[in-house]
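Last residue of the sequence shown: 265 (my numbering), numbering continuous.
A virtual CB, placed ideally from N, CA and C, is assigned to each residue, including glycine.
The model shown is predicted, which means the values in this text are computed figures rather than measured ones.
To start, the structure under review is shown below, and the notes come after it.
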Amino acid sequence: MKSLRIMPFGDVPDYILTAISEELRASLNLITEIGEPRGLPKEFYNPIRGQYLAEKILDFIYQKFKGNILAVSSEDLYAEGLNFVFGQAELPGRVCIISLHRLNPKFYREPENKLLFIERAVKEAKHEVCHALFGLRHCNDSSCVMSFSNTIFDVDRKSKELCERCKRKILRK
Ligand SMILES: [Zn+2]
Ligand SMILES: [Zn+2]
93 MKSLRIMPFG
103 DVPDYILTAI
113 SEELRASLNL
123 ITEIGEPRGL
133 PKEFYNPIRG
143 QYLAEKILDF
153 IYQKFKGNIL
163 AVSSEDLYAE
173 GLNFVFGQAE
183 LPGRVCIISL
193 HRLNPKFYRE
203 PENKLLFIER
213 AVKEAKHEVC
223 HALFGLRHCN
233 DSSCVMSFSN
243 TIFDVDRKSK
253 ELCERCKRKI
263 LRK
């Protein structure tokens with residue numbers, strides 16, 4: 093069994109961390125642990141964009157911490173050439189990150205909806221962890237959690253489950 097440390101960066105609600113942890117335990121058979129909250133390294137903040145560069149944060153985490161890590165950021169993330177990213181992962185590797193910023197219904201000026209927020213965070217967390225720890229690539233099945241999400245509509249459209257093909261790939265690991 094693989095183990096995974098879930099590390100909150102910024103102001104991350106406990107109910108999100110707990111939900112991610114439970115889903116990853118139940119569906120991927122991971123041994124999970126939730127770390128202490130910390131701040132994101134300011135040097136990777138781009139003040140013009142108001143976002144952090146995801147790749148640099150992954151590098152930073154990789155160098156600073158051992159073991160398998162899922163970073164959960166309350167701050168918005170971007171990658172070169174993209175307006176934003178919901179998350180990023182080493183493929184395969186041991187570190188990955190998601191941002192909650194654009195998963196919160198409040199970001200779209202919608203009423204608070206904890207269940208929807210949790211569901212989205214769980215999907216994106218599982219997506220990135222499957223990239224990193226199991227080397228899964230994007231899947232063409234639009235309901236599979238490994239399908240690529242370009243927009244929040246894509247996140248809501250897919251399920252939190254792996255399709256049968258992706259599941260089989262994981263079982264071989
Ligand atoms: Zn992906
Ligand atoms: Zn799939």
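For residue i, which beta-bridge partners are listed by DSSP?
| i | result |
| --- | --- |
| residue 130 | 101 |
| residue 138 | 143 |
| residue 181 | 188 |
| residue 291 | Past the boundaries of the shown model lies residue 291; the chain is included only from 93 to 265, so the question cannot be answered. |
| residue 163 | 99, 189 |
Excluding the 5 residues preceding and the 5 following residue i in the sequence, name in chain order all residues of the same chain whose CB lies nearer than 8 Å to its CB.
| i | result |
| --- | --- |
| residue 93 | 121, 122, 123 |
| residue 192 | 104, 108, 164, 165, 166, 209, 213 |
| residue 204 | 197, 198 |
| residue 206 | 107 |
In whole angstroms, give me the CA-to-CA distance for residue i and residue j.
| i | j | result |
| --- | --- | --- |
| residue 179 | residue 255 | 20 Å |
| residue 95 | residue 265 | 14 Å |
| residue 177 | residue 243 | 9 Å |
| residue 87 | residue 215 | Past the edges of the chain, shown from 93 to 265, lies residue 87, and the structure says nothing about it. |
| residue 262 | residue 140 | 40 Å |
| residue 125 | residue 115 | 13 Å |
Report, in whole angstroms, the separation of the C-beta atoms of residue i and residue j, which I expect to be a contact under 8 Å.
| i | j | result |
| --- | --- | --- |
| residue 181 | residue 224 | 4 Å |
| residue 188 | residue 220 | 4 Å |
Excluding the 5 residues preceding and the 5 following residue i in the sequence, name in chain order all residues of the same chain whose CB lies nearer than 7 Å to its CB.
| i | result |
| --- | --- |
| residue 233 | 239, 255 |
| residue 145 | 136, 138, 170 |
| residue 132 | 101, 102, 144, 149, 165, 167 |
Which residues in the same chain as residue i place their Cβ atom closer than 6 Å to its Cβ, once the five residues preceding and following it in sequence are excluded?
| i | result |
| --- | --- |
| residue 127 | 97, 99 |
> Below 8 Å, can you find three or more Cβ-Cβ pairs linking the stretch 129 to 138 to the stretch 152 to 168?
Replying inline: Touching, yes, given that three or more Cβ pairs across the two stretches are closer than 8 Å.
>> Between the stretch 199 to 214 and the stretch 111 to 119, can you find at least three pairs of beta-carbon atoms closer than 8 Å?
In response: With a cut-off of 8 Å, the stretch 199 to 214 and the stretch 111 to 119 count as touching, because enough Cβ pairs lie within range.
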